[in-house]
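*Asks:*
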Amino acid sequence: MPRRLLRDGRVAVDEWRYLDDAADAGESNRDALIIPFERWLRERESWSRCEGRLGVLLGPAQAVLDLVADLPRLSLIAVQFPSPGEGRGYSHARQLRERWNFTGELRAVGCARRDQLFFLARCGFTAFELPEAEIESASAALTTFSAEYQVSNDAGLTGTLRHR
Amino acid sequence: MYRYDAIDKTLVDERVTQFRDQTRRFLSGELSEEEFRHLRLRNGLYIQRHAPMLRVAIPYGLLSSTQLRMLGSIAHRYDRGYGHVTTRQNIQYNWPKLEQVPDILAELATVEMHAIQTSGNCIRNVTSDHLAGVTPNELEDPRPWCEIIRQWSTFHPEFSYLPRKFKIAVTGAPQDRAASLLHDVGVHIVRGPGGELGFEILAGGGLGRTPIIGQVVREFLPREHLLSYLEAILRVYNLEGRRDNLTKARIKILVRSLGIDEFRRRVEAEWAQIKHTALLLQDSEIARVRQFFTPPAYRSLADSDPTAGRHTAFRAWYRYNTHAHKIPGYRAVFISLKKAAVAPGDVTDSQMELLANLADRHSFGEIRVTHTQNLLFADVEQSATFELWQALDRAGLATPNIGTLTDMICCPGLDYCSLANAGSIEVAKLINERFDDYDYLYDLGEIDLKMSGCMNACGHHHIGHIGILGVDKGGEEWYQITIGGSAGADASLGTVIGPSVAKSEVADTIARLLTVFVQRRGPEERFLDTVRRIGVKPFKESVYATPVAA
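In structure tokens:
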């Protein structure tokens, strides 16, 4: 069954596949593949020559700076949250959006659940892989708060202070 | 004080709705214990030894009488009739029911209060000098800056899942009454090269298992850059702080392992990228926040001596429990929450109600919580202090011991906390019983006694002139004693005097330390000064020379 996710506030069917899953399934389609960070660093040149859309899976300890030169070639960056307390991905997202002007899909993967969606979206995430049972109700979390102290990405602005 | 506008109010109300939903999902089994733990911990809710503990935020310790009345009312209706004020100027309830917490939060919201970020690995309540705005020698009132930091740090989307908790203290006077050198970040208002006011920024201080005194990251930061600089520090910490080991996750460990120079280099590099974003503070915003902290309507009075012709009990209270005020005719008045036989920092529902009324009558309806777990009326007319003292005395709130040995800082200990090894409240009681002679206490002068029930150091034992740490020895409570610590601008960490002592020996051990002090002190020397001058050895020798008679 194809994976569903929350993208731009709506439930969508995910056309992206993780490289390892695709290889295991014996697929030859090279479009919309998400490549693990280490492998991307090793094979970036050959991957860059492919026709299809490419994404990278970024772990919390991996450096955004190592991806900066590749951003024009990347349509998606999936940021991993391996544990419920993991928070580095929030900084990665803001740096990608605000400093490096990444405009592709920023996807939260792992322990990023409904209760974190609001902050994740404010840091620039636009897509969320959630447990299937949570998908339908999760979009409500994007409007948990209708005010904020900081101006942030979801308002289309950079920086984080609201002047009244 | 700061008053909520539509943005503040909306946020707090929506937080209540969010937490109500999270609690419901937990109680119905939709959220696991572990999932809910991460959520409740961002809202001050701990699961403790006996019951949940709810910590309510008191931003930089400032309360209106309306808010204090509500805190008393909540203690009465949802708890067992009391609250406990903390070293970070908050208040804790020890017996709320989990399912009632959303209702408590809803009631708090009606008086512009909440429990947001009072626990968890996020930016905690910003603390400050309890004499802010009234102490004679401060450079500038730090509270507007605290409020600016409060707003920036509340629900900061990027810094809600830090490696560990993060505490900021702001001071504006040369005396450090907020223990800012023991905070993750200390912000000091200072004068720059051209005489303009800005900030000295320190980082990497903290207590806990590995106590470290904060170091200067930047000697002078122009005021408009306060938030961008804090954001740079937080981002470096969020990305590089250790997450593999809870006991090594505070920023102090990062600063120590990188070295202050390399840490500074990384912060400055990050700051260079963000200093000219929307974080740049506009004069209009600074002015908007400042208008909430304009001085109250002081009357034009002359200084007088209200103790003239009064009896000794009032004179002693006036001397120890009141503090000089920058406006002639006024005094700042401490309300001691360190009465013998009461857990340090505890205040009952009826006391809160009374204090709210007294604050309305005598101190412009404002009350402050001090870092030393007492309360303060900042603006009392000197001529009203006698009447105020009488009312406080009747309610058991005029114990004349501020700054003395029995004005102890103490964590809740074994009685409430699931982490503690030792019953700090019980030891506080033993010390109070042993040192109940006020003439002796006054003769000893200023002594900070601080006591923690475990290594987490919530009672700040490392920075007590005398520190007491509860340790577990084969299931028994023992106590390790340190001397020579200080929380002030001359912050220092205490030295362990030797093997830990049994509970029954704690008071006698302290008595021996004090005897050495009285014998060896120089003119005008405080206990701390004597320890610093003669070292730990004479104290140690006296304590361990002969067994303490248990």
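For the protein sequence lines, the chains are V and D, in the order given.
Just add 3 to the spot in the first sequence (first one is 1) and you have our numbering.
Just add 696 to the spot in the second sequence (first one is 1) and you have our numbering.
Using N, Cα and C, we set each Cβ at its ideal position, and we do this for glycine too.
Quick one: is Arg91/V near chain D, going by C-beta distance under 8 angstroms?
*Replies:* Indexing the first sequence from 1 puts residue 91/V at position 88. So yes, Arg91/V belongs to the interface.
*Asks:* Apart from the five residues just before and just after Phe1131/D, which ones in its own chain have a Cβ nearer than 7 angstroms to its Cβ?
*Replies:* Position 435 of the second sequence, counting from 1, holds the residue named residue 1131/D. The residues are Leu1101, Thr1102, Leu1137.
*Asks:* In chain D, which residues lie with their C-beta within 7 angstroms of the C-beta of Glu139/V?
*Replies:* Position 136 of the first sequence, counted from the start, is the residue given in the question as residue 139/V. None at all; the shortest Cβ gap to chain D is about 14 angstroms.
*Asks:* What are the boundary residues of the alpha helix (DSSP H) that includes Thr1068/D?
*Replies:* Walking along the second sequence from the start, residue 1068/D turns up at place 372. Note, Thr1068/D: premise wrong, no alpha helix (DSSP H); not H, not E.
*Asks:* Between His884/D and Gly910/D, is the Cβ-Cβ spacing less than 8 angstroms?
*Replies:* Counting from 1 along the second sequence, the entry for residue 884/D is found at position 188. Counting from 1 along the second sequence, the entry for residue 910/D is found at position 214. For His884/D and Gly910/D, no; Cβs fall outside 8 angstroms.
*Asks:* Given Val830/D, which residues of its chain have a CB within under 7 angstroms of its CB, disregarding the five upstream and five downstream residues?
*Replies:* For this step, residue 830/D is matched to residue 134 along the second sequence. Correct list, in chain order: His1021, Lys1022, Ala1028, Ala1074, Asp1075.
*Asks:* Note down, in chain order, each residue of its chain lying with its Cβ closer than 8 angstroms to the Cβ of Val1192/D, except the 5 sequence neighbours on either side.
*Replies:* Taking the second sequence and counting its residues from 1, the one referred to as residue 1192/D is at position 496. Closer than 8 angstroms at Cβ, skipping near neighbours: Gln1176, Ile1177, Thr1178.
*Asks:* Would you call the region 32-49 of chain V in contact with the region 92-107 of chain V, where contact means no fewer than 3 C-beta pairs closer than 8 angstroms?
*Replies:* Short answer: they don't touch.
*Asks:* Starting from the beta carbon of Glu731/D, find every residue of chain V whose beta carbon is closer than 7 angstroms, and list them in chain order.
*Replies:* Here the question's residue 731/D lines up with position 35 in the second sequence. Simply Pro87.
*Asks:* CA-CA distance, Arg773/D and Leu1126/D?
*Replies:* By one-based count along the second sequence, residue 773/D stands at place 77. By one-based count along the second sequence, residue 1126/D stands at place 430. Each residue's Cα considered, the two are about 31 angstroms apart.
*Asks:* Apart from the five residues on each side of it in sequence, which residues of its chain come closer than 6 angstroms, Cβ to Cβ, to Gly894/D?
*Replies:* Counted from its first residue, the second sequence places residue 894/D at position 198. Gly888, Phe916, Leu917, Pro918, Arg919, listed in sequence order.
*Asks:* Along chain V, which residues have their Cβ under 9 angstroms away from the Cβ of Arg931/D?
*Replies:* In the second sequence, residue 931/D corresponds to position 235, counting from 1. Per Cβ cutoff of 9 angstroms: Ser94, Arg97, Gln98.
*Asks:* Find the nearest neighbour of Ala875/D within the set Thr850/D, Leu903/D, Gly937/D, judged by alpha-carbon distance.
*Replies:* Looking up residue 875/D in the second sequence gives position 179. Ala875/D has its Cα closest to that of Leu903/D, out of Thr850/D, Leu903/D, Gly937/D.
*Asks:* Span of the alpha helix (DSSP H) holding Gly901/D?
*Replies:* For this step, residue 901/D is matched to residue 205 along the second sequence. That residue, Gly901/D, is in no alpha helix (DSSP H); it is neither H nor E in DSSP.
*Asks:* Let's see if you can read the secondary structure: which residues bound the alpha helix (DSSP H) around Ala1241/D?
*Replies:* Indexing the second sequence from 1 puts residue 1241/D at position 545. Start and end: 1233-1241.
*Asks:* Determine whether the Cβ of Tyr698/D lies closer than 8 angstroms to any Cβ atom of chain V.
*Replies:* Counting from one through the second sequence, the residue named residue 698/D turns up at place 2. Output row for Tyr698/D: interface = no.
*Asks:* Please list the terminal residues of the continuous beta strand (DSSP E) segment that includes Glu101/V.
*Replies:* Counting from 1 along the first sequence, the entry for residue 101/V is found at position 98. Glu101/V -> no beta strand (DSSP E), and no H or E assigned at all.
*Asks:* Can you tell me whether DSSP reads Ala96/V as helix, strand or coil?
*Replies:* Walking along the first sequence from the start, residue 96/V turns up at place 93. Reduced to three states, the DSSP call for Ala96/V is helix.
*Asks:* Along the region 832-866 of chain D, where does the CB come closer than 7 angstroms to a CB of chain V? Name the residues.
*Replies:* The region 832-866 of chain D vs chain V, Cβ under 7 angstroms: Gln847, Trp848, Thr850, Phe851, His852, Pro853, Glu854, Ser856, Tyr857, Leu858.
*Asks:* Taking the beta strand (DSSP E) that Ile1193/D belongs to, which residues open and close that run?
*Replies:* Here residue 1193/D refers to the residue found at position 497 of the second sequence. Note, Ile1193/D: premise wrong, no beta strand (DSSP E); not H, not E.
*Asks:* Determine the contact status of Ile897/D and Arg914/D, defining contact as a CB-CB distance below 8 angstroms.
*Replies:* Walking along the second sequence from the start, residue 897/D turns up at place 201. Walking along the second sequence from the start, residue 914/D turns up at place 218. For Ile897/D and Arg914/D, yes; Cβs fall inside 8 angstroms.
*Asks:* In three-state DSSP terms, what is Arg13/V?
*Replies:* Mapped onto the first sequence, residue 13/V falls at position 10. If DSSP states are grouped into helix, strand and coil, Arg13/V belongs with the strands.
*Asks:* If Val781/D and Leu1033/D are in contact, beta carbons under 8 angstroms, what's the gap, nearest whole angstrom?
*Replies:* The residue given as residue 781/D occupies position 85 in the second sequence. The residue given as residue 1033/D occupies position 337 in the second sequence. Contact holds; Cβ gap of about 6 angstroms.
*Asks:* Locate the beta strand (DSSP E) running through Glu1173/D, then write down its first and last residues.
*Replies:* Sequence index remark: in the second sequence, residue 1173/D carries index 477 (1-based). First-last of the beta strand (DSSP E) with Glu1173/D: 1172-1179.
*Asks:* Would you say Tyr21/V reaches chain D, if we count a Cβ-Cβ gap shorter than 8 angstroms as a contact?
*Replies:* Within the first sequence, residue 21/V is the residue found at index 18, counting from 1. Closer than 8 angstroms: no.
*Asks:* So that I know if they touch, is there some Cβ in chain V lying closer than 8 angstroms to that of Glu710/D?
*Replies:* Against the second sequence, residue 710/D aligns to sequence position 14. Glu710/D counts as touching chain V.
*Asks:* Kindly indicate which three-state DSSP category Ser996/D falls into: helix, strand or coil?
*Replies:* To locate residue 996/D, count along the second sequence from 1; it is residue 300. Coil.
*Asks:* Chain V partners of Gln969/D, CB-CB under 8 angstroms?
*Replies:* Translated into the one-based positions of the second sequence, residue 969/D becomes position 273. Arg102, listed in chain order.
*Asks:* Please confirm if the region 751-763 of chain D is in contact with the region 1063-1082 of chain D, defined as three or more CB-CB distances below 8 angstroms between the two stretches.
*Replies:* Enough Cβ pairs lie closer than 8 angstroms, so yes.
*Asks:* Less than 6 angstroms between C-beta atoms, sequence neighbours within five positions excluded: which residues of the same chain meet that for Glu1142/D?
*Replies:* Translated into positions along the second sequence, residue 1142/D becomes position 446. So the qualifying residues of the chain are Gly1099, Arg1222.
*Asks:* Can you tell me whether Leu123/V is helix, strand or coil according to DSSP?
*Replies:* Stepping through the first sequence from its first residue, residue 123/V is reached at position 120. The answer is helix: DSSP assigns Leu123/V an H, G or I state.
*Asks:* Pairing CB atoms from the region 838-851 of chain D with CB atoms from the region 968-987 of chain D, are three or more of them under 8 angstroms?
*Replies:* With the cut-off at 8 angstroms, the region 838-851 of chain D and the region 968-987 of chain D touch.
*Asks:* Please tell me whether Thr161/V has its Cβ less than 8 angstroms away from any Cβ of chain D.
*Replies:* Residue mapping note: residue 161/V aligns to position 158 of the first sequence, counting from 1. Unreliable positioning characterises Thr161/V in this predicted model, as indicated by a pLDDT of 43, which lies under 50. A coordinate reading is not provided.
*Asks:* Determine the closest residue to Gly779/D out of Glu726/D, Ser1046/D, Ala1118/D, Pro840/D, with distance taken between C-alpha atoms.
*Replies:* As a first step, residue 779/D must be located in the second sequence, where it is residue number 83. Of Glu726/D, Ser1046/D, Ala1118/D, Pro840/D, the residue nearest in Cα terms is Ser1046/D.
*Asks:* Is the separation between the beta-carbon of Ser149/V and that of Thr713/D shorter than 8 angstroms?
*Replies:* Position 146 of the first sequence, counted from the first residue, corresponds to residue 149/V. Position 17 of the second sequence, counted from the first residue, corresponds to residue 713/D. It is not a contact, given that the beta carbons lie outside the stated cut-off.
*Asks:* Does DSSP put Phe715/D in a helix, a strand or coil?
*Replies:* Translated into the one-based positions of the second sequence, residue 715/D becomes position 19. Residue state, collapsed to three classes: helix.
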